[in-house]
Every structure is written in C-alpha cells, then in structure tokens.
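K.L.:
The structure is given below, and queries will be raised subsequently.
Protein chains: 2
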Amino acid sequence: MIDGAFNILKLYFKNKIEISDEEFDYWKSFFIHKEIKKNKFLLTEEDICRHIYFVTSGCLRSFTIDKNGNEHVIQFAPENWWISDLNSFSNEVSSLINIDAIVDTTILKIEKEYYNKLSIEFPKWNNLFMNLLQNSRGAYERRVLSYLNSSAEERYIHFIKHFSSIAPQIPQHMIASYLGITPESLSRIRKHISDNK
Amino acid sequence: MIDGAFNILKLYFKNKIEISDEEFDYWKSFFIHKEIKKNKFLLTEEDICRHIYFVTSGCLRSFTIDKNGNEHVIQFAPENWWISDLNSFSNEVSSLINIDAIVDTTILKIEKEYYNKLSIEFPKWNNLFMNLLQNSRGAYERRVLSYLNSSAEERYIHFIKHFSSIAPQIPQHMIASYLGITPESLSRIRKHISDNK
DNA sequence: CGGATCGTTGATCAACTTCAACGGTCGTGG
DNA sequence: CCACGACCGTTGAAGTTGATCAACGATCCG
Numbered sequence: 000m001i002d003g004a005f006n007i008l009k010l011y012f013k014n015k016i017e018i019s020d021e022e023f024d025y026w027k028s029f030f031i032h033k034e035i036k037k038n039k040f041l042l043t044e045e046d047i048c049r050h051i052y053f054v055t056s057g058c059l060r061s062f063t064i065d066k067n068g069n070e071h072v073i074q075f076a077p078e079n080w081w082i083s084d085l086n087s088f089s090n091e092v093s094s095l096i097n098i099d100a101i102v103d104t105t106i107l108k109i110e111k112e113y114y115n116k117l118s119i120e121f122p123k124w125n126n127l128f129m130n131l132l133q134n135s136r137g138a139y140e141r142r143v144l145s146y147l148n149s150s151a152e153e154r155y156i157h158f159i160k161h162f163s164s165i166a167p168q169i170p171q172h173m174i175a176s177y178l179g180i181t182p183e184s185l186s187r188i189r190k191h192i193s194d195n196k
Numbered sequence: 000m001i002d003g004a005f006n007i008l009k010l011y012f013k014n015k016i017e018i019s020d021e022e023f024d025y026w027k028s029f030f031i032h033k034e035i036k037k038n039k040f041l042l043t044e045e046d047i048c049r050h051i052y053f054v055t056s057g058c059l060r061s062f063t064i065d066k067n068g069n070e071h072v073i074q075f076a077p078e079n080w081w082i083s084d085l086n087s088f089s090n091e092v093s094s095l096i097n098i099d100a101i102v103d104t105t106i107l108k109i110e111k112e113y114y115n116k117l118s119i120e121f122p123k124w125n126n127l128f129m130n131l132l133q134n135s136r137g138a139y140e141r142r143v144l145s146y147l148n149s150s151a152e153e154r155y156i157h158f159i160k161h162f163s164s165i166a167p168q169i170p171q172h173m174i175a176s177y178l179g180i181t182p183e184s185l186s187r188i189r190k191h192i193s194d195n196k
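Protein sequence lines, in the order shown, are assigned to chains A and B.
The first sequence stops at residue 196 when you use numbering that gives the first Met the number 0, and every number in between is there.
The second sequence stops at residue 196 when you use numbering that gives the first Met the number 0, and every number in between is there.
Next up, the structure:
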C-alpha cells in the first residue's frame, strides 16, 4: 500500500518534470505516508497548517464554516492533487479552513522544513510548486468568473464535466456547497437536466 | 512626471524588501514608463501579454467579455498595484482578458525577458513576486467565498471599505460588474444603504 | 434494529434580473 | 463654444432564480 502511494507520487513527478530515480528516492524520503478514514480531519480551523498534502487515493475537501454555521466547500482534492492552507503554511498563522476526508483516503505529506529544503536544493521542485500556485490562482480566477456569468445549472454541468472521475463519490450536498447553492436547488437542477434528456 | 513614477516604484520596493539605492537603479533600468489615457487599452483579448504592469497613478481594470457581450470586471488596479494576464505572460498563449484605463493612468512596465533576468539574479525579486502570486490567489479564494456566503449588499459594503481610496473614481456599472450584479441592482442597494443611515 | 443523515418534493418567499423610461452629464464635432 | 448624441445612474413594474421551511422515504452505520 505504501509503495503504491509512493509510486503514484513518482508517476506524478515523472509526468511533470525530468527526475531521475535517485532524485525521486531522495525526495521521497521527506514524505510521510498516512491513511485518513472517511470524515476524519487532517486540519481544523485555528490550527497552523504545517504540511502540504498529496492525495494518492480517495478524496479530501477543504471548507470553511461561516457565522451562521453553514459549511462552504472551497476545494476537492482527489488522487494526484495537492491540498493545504497555503496562507497558514507560508506565514505560520492560524488556519481559517478545515480539511477532512470525504472517503477513506491515503496521502503523502511533507513538512514545511523539508519543503523549503527541497526548494533550495532543487530549482525544478521550486518551479513545479510555482506552477501549481499559478494554476491554482488561475482556477480561482475562472471560478470567480463562473459566478459572474453562469447560472447554477451551468456551473453544475461544468463541475460534473471537470470532476467526472470523482463527482460520483462526492455527496450532493457538498457539490451544492461548492457551487454556492442549497442542496434542494441542486436536486431540482439535476431533475431539470434529466427531464430534458 | 517620470521621476515621480519611479519614486513610487522605489517606495513600493523599499516598503516590501531590503533594497539599496544602487540595486533599485539597476532594477529601474528594466522598466519603461508609459501614460495611458482614460478608456485606452493596454491589452486586448487574443494578444499575448508580454509585460507586467505597475500602476503609479490612476487606475486600470481587467475584464472579460462573455458570449452575450457582457463585460465582467476581474480586477481593478489602482496606484501601487501590479496587473497582467499571468497565464498569457507565463505560457505565451493568447490572452483571454482585456486591460484598459478607467482614468488617465501612468504605469511602469517590465518585459518578460527582464522579469526573468531579475528573477535569476535576485532571489528577493523572485520572492516578492512569489508573495504577490500567493496573495493574489488568497484574494481570489476570499472572493469565491464571498459569493458562497455573502449577499450582494454585503459584498458591496466590503468592496467600498477595501477600495475606499479609489472606489469614488470607479463608475458604478463597473463596480456592479465586479460584484456580479446589474447596475440597477447596485443602484437600489446604494439607495437601501443610504435610506438606513 | 433504530437514529441520523441524505436526497427529494411541494409551497412560499426573498433577492436579483429584465425591460422600459427619464433626467443629468460628458465629450465631441460642427 | 454650443448642441447633440451617447452614456450613466436611477426608478418602476414584472419576471426569474434560487432560498427557506416543512415533510417524507431511503439508506447508511453503529
């Protein structure tokens, strides 16, 4: 199982950058393998986020809880995705978000100290994360635009397409939360879509 | 005028990082000064964005035009802000956004080639832009959350507070566009706020 | 087996949009 | 330098979208 997880990480890196087996074995030594059962938390609000997590199977989500007690899903992280609270991680301030597992999940995590070490030793490590950061920013930018110019139904259809591999695993009320609508509205949207088929 | 612009850039850097006058004079040599009249474009869709822009006076905005011909404001960039299409800039693909001036504006712009040069020569340059990138990502994340948990009126009040210095210069219909509502709705929201005072 | 959670459905309500009209201001060309 | 057209912000009326509240059956899990 652990070997499987590291293999997924290796394939991920090989897919993104040039990296030798020796280099990977070195990088790998800074990651810790962990299993998180469904509904278990990896990070809760007010903790300081000290790791970056790479999902090797299952799915995590990050979310906030507003003043009325409503959850708002910020991000889903299925296999091959990274997740963290970058603000908390970088600035060592308490986190504003929670991260938990929506199904049984396995991750590889790396501590800030080692993350920084690899950043200094390997420009390509640094570049990879710089790229991830930029892509993440781009994804948020597109998501903002989707609120400006798309209906809830359009956003849902786009979500299903974009997350087709994991959407079936995600409870509907969490998808609704991610889209910014109520579970009832999502249920009606789904009905409307299937009626029109 | 040009000296004034470079002074603003210098103060900006001095405020963020340790930088000697000699270093600044070197950095400065890679920037070009430019004035943009109100309503003039700095970047249009399908161009490749070859610069990063620093605003030294006035205000720029970036926006997209959707399939129905409606404009959606992505960002305002007043004095001391950076603006660009990072996706286009980094990957040299055609841009999906437009940038224009909402009042007469002066900028300092730097080309990719020089930006990269400074990134290599000065880790602190690189760190500064890494920070900006991360802050920008954080701002988008918060903006996404504002759509998930705040009413249009709350978003407007937050916008006014956050952009108090430049909000009066920005036409209302652009603020409405930024907030994701119609100009009519914003007008009514403003009336509602002033009635309740 | 039993309680909690989930997705669905109905009825009503609130927020925001759309369409139309109007007065004010701005800038541009004659 | 003025007149005119374009654009802007506002207001009203009606329409749409999605929220809220309530109820119910199904499923999951302890």
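Backbone N, C-alpha and C define an ideal beta-carbon position, used for all residues, glycine too.
On a predicted model such as this, the values are computed, not experimentally measured, just so you know.
Quick check: the segment 161–170 of chain A against the segment 161–168 of chain B, are at least 3 beta-carbon pairs closer than 8 Å?
P.N.:
Too few Cβ pairs lie closer than 8 Å, so no.
K.L.:
For the segment 117–145 of chain B, enumerate the residues whose C-beta is nearer than 8 Å to any C-beta of chain A, in chain order.
P.N.:
Those residues of the segment 117–145 of chain B that come within reach of chain A (Cβ to Cβ, closer than 8 Å) are Met129, Leu132, Gln133, Ser135, Arg136, Gly137, Tyr139, Glu140, Arg142, Val143, Leu144.
K.L.:
Checking the sheet assignment: what are the DSSP bridge partners for Leu95/A?
P.N.:
Answer is none; Leu95/A lacks a bridge partner.
K.L.:
Rounded C-beta distance between Asn93/B and Asp20/B? I'm assuming under 8 Å.
P.N.:
In the sequence under discussion, the amino acid at residue 93/B is Ser, which differs from the Asn named in the question. Wrong, their Cβ atoms sit about 39 Å apart, outside the cutoff.
K.L.:
Closer than 9 Å, CB to CB, is Asp65/B near chain A or not?
P.N.:
Asp65/B counts as touching chain A.
K.L.:
With which residues is Ile51/A paired in a DSSP beta bridge?
P.N.:
BP columns for Ile51/A point to Ile109/A.
K.L.:
Whole angstroms is fine: what's the gap from Arg141/A's alpha carbon to Asp2/A's?
P.N.:
Computed Cα separation, rounded: 36 Å.
K.L.:
Measure the C-alpha to C-alpha separation of Cys48/A and Asn79/A and round it to an integer number of angstroms.
P.N.:
Taking the straight line joining both Cα atoms gives about 20 Å.
K.L.:
Taking the alpha helix (DSSP H) that Lys190/B belongs to, which residues open and close that run?
P.N.:
Lys190/B -> alpha helix (DSSP H) spans 182–194.
K.L.:
What residues from chain A crowd round Gly179/B, counting only those whose CB sits closer than 7 Å?
P.N.:
Within chain A, the residues near Gly179/B are Tyr146, Leu147.
K.L.:
When you compare the CB positions of Thr63/B and Ile96/B, do they come within less than 9 Å of one another, or not?
P.N.:
Closer than 9 Å, so yes.
K.L.:
Could you check which residue in Gln171/A, Ser193/A, Gly57/A has the C-alpha nearest to that of Leu107/A?
P.N.:
Selected option, being the one with the closest Cα: Gly57/A.
K.L.:
Mark Pro170/B as exposed unless 16 or more other C-beta atoms lie within 10 angstroms of its C-beta, in which case mark it buried.
P.N.:
Pro170/B should be labelled exposed.
K.L.:
Could you work out which residue in Lys27/A, Asn86/A, Ser135/A is closest to Ala197/A when comparing CA atoms only?
P.N.:
Residue 197/A lies beyond the residue range present for chain A, which begins at 0 and ends at 196; the question has no answer from this structure.
K.L.:
Just the Cα atoms here: how many angstroms apart are Tyr25/B and Tyr155/A?
P.N.:
Rounded to the nearest angstrom, the two C-alpha atoms are 50 Å apart.
K.L.:
Is Asn86/A buried or exposed, if buried means 16 or more other CB atoms sit within 10 Å of its CB?
P.N.:
Asn86/A is buried by the Cβ-count criterion.
K.L.:
Given that a residue counts as buried once 16 or more other Cβ atoms are within 10 Å of its Cβ, and exposed if not, what is Leu147/A?
P.N.:
Looking at its Cβ environment, which holds 16 or more other Cβ atoms inside 10 Å, Leu147/A is buried.
K.L.:
Ser89/A versus chain B: which residues are under 7 Å apart at the beta carbon?
P.N.:
What Ser89/A touches in chain B: Gln133.
K.L.:
With a 10 Å radius around its C-beta and 16 neighbouring C-beta atoms as the bar for buried, classify Ile192/A as buried or exposed.
P.N.:
Exposed.
K.L.:
Below 8 Å on the Cβ atoms is my contact criterion, and I expect Ile109/A with Ile98/A to pass it. Report the Cβ-Cβ distance as a whole number of Å.
P.N.:
That belief does not hold up - the Cβ atoms of Ile109/A and Ile98/A are roughly 15 Å apart, past 8 Å.
K.L.:
On the DSSP letters alone, give me the boundaries of the alpha helix (DSSP H) that Glu22/B sits inside.
P.N.:
Run containing Glu22/B: 20–27, per the alpha helix (DSSP H) assignment.
K.L.:
Considering only the beta carbon of each residue, do Leu117/B and Phe5/B sit closer than 9 Å?
P.N.:
The answer is no: Cβ separation not under 9 Å.
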